[in-house]
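Structure first, commentary second.
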Amino acid sequence: MTPQSSPEAAHRQSLSGSPISAAQIALILLLATTLGANHIAARVAFDHGTSVLFAVSMRSAGTAVVLGCWLLLIRQRILIPSELRLKALAVGLLVSAQSFFLYSAVQRMPVALALLVFNLFPMMLGFLSWGLGGDRPSRRAWIGMPIALGGLMLVLDAPSRGLELASWDHRFLAGIGFALAAALSMALIMALTQRWLTPIEGKVRALCTLSIVGVASLSAGLAVGGLTMPADRTGWLAVGILTLLYGSAFSTLLIAVPKIGPVKAAPFFNFEPVAAMAMGWLILDQSVKAIQITGAVVVIAALVFISWPKRH
C-alpha cells in the first residue's frame, strides 16, 4: 500500500476536503463556552480565598486522575519512550507555567480581557515557528496581525489611559503581563510539542502533561506556602466546578478536535472570550466599556481571518 493510499493519509485528506458541519461548529462553540466558564469559576474561587497554585493543582490532578482511569478502562498502553521523557518533562513544566500565568491574569483583570490577550498566542506561534525554521507566516497573518494588535489597544483602553505609567492600574498591568506570558508559553508549548512529542499517542501525552502539571504545582505550592484553600463553601464549590468544566472540556477536545481537524476548529474557539465576557457580566458583574467591546470584536475578527481554513 502506498503512503498516499494509507488509511492515515485518506483520513487526513477527508478532513481537509470536507467542510465543517453545523453540528461540529455547535460542539466547538460549546467547548469554547465551557472553557470560558472554567475561567469564570476560577475567578470566583480566587475571590473566595483560593490561591492560583491550589486551583491549578486541583484542576490538573483531578483531570489526570479521571483521564488515567479512562485509559485503564480502554486498556490503553501508557508508555513514553526513554529518549522523549526529558522533553515531555520540559513541555509539562511549560504547561505548568502557562496555567499559572493565565490564572494569575484572570485573578487580576476581567476574565474576557485576559482571554483576549492570551488569544494572541497563534500569532506568536507563527513567528516562533518561522524563527525555528518553519514556514513563513501567511499573507493573511501579515494583514491580520496589525489589525488584531490595534484592536487589543482598544480592549486595554489604551487611548483613554495614555502613555503615562501612573495612569494605569498596577494590578491591571500585572494582569496584562501575566496574560502575555501565558500566550508566549502556549506558543512555545505548541511549537515544542509538534517538534518533540508527536511520536507519543495523544491521550498518553495529555495524561503525562497533566500529571506533571499537578505534581509541579503541588510541589511549588508546598515549597512556597502557596496552597491556600478556599475560605468558604462558595470557594470550594467554584474549585469543584472549574475542575469539572476543565476536565470535561479537555477530555472532549482529545476526542472531537482530531476528528474535525484543528485548522477547521481553530477559528470557532475564538468564541471563548465572547462567552467569558457575557458570563463575566452576568455572574461577576464585570462591566467593560463600549470601546473595549469594539476592540474585542476587532481582535476576534482578525484572529478568525488569520486562522480560517483556506478553500482548496
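Here the sequence shown is numbered in the working numbering, starting from 1 and rising by one per residue.
Where a beta carbon is used, it is the ideal one built from N, C-alpha and C, also for glycine.
Everything numeric in this text was worked out from a predicted model, so none of it was measured.
Query: Stretch pair the region 121-140 + the region 199-218: three plus CB contacts closer than 8 Å; Result: no
Query: Unbroken alpha helix (DSSP H) run spanning Q292, endpoints; Result: 290-307
Query: Rounded separation between G131 and M186 - CA only; Result: 16 Å
Query: For R205, three-class secondary structure by DSSP; Result: helix
Query: Distance, A90 Cα to F54 Cα; Result: 21 Å
Query: S63, buried or exposed, once every other Cβ within 10 Å from all chains shown has been counted against 16; Result: Per the sequence presented here, residue 63 reads as Thr, with Ser not at that position. Buried: at least 16 other Cβ atoms inside 10 Å.
Query: Coil, strand or helix - D47 by DSSP; Result: helix
Query: T228 in three-state terms, based on DSSP; Result: coil
Query: DSSP three-state assignment for L125, whether helix, strand or coil; Result: helix
Query: Complete runs of the beta strand (DSSP E) confined to the region 169-198 [at least 3 residues]; Result: none
Query: Top-ranked residue by Cα proximity to I293, from S129, G151, K87, S51; Result: G151
Query: Whole-Å CB distance - H39 paired with V106, under 8 Å assumed; Result: 5 Å
Query: For L303 and P7, the rounded distance between their alpha carbons; Result: Confidence at P7 is low in this model, with a pLDDT of 41, below 50, so its placement is unreliable and no value can be given for it.
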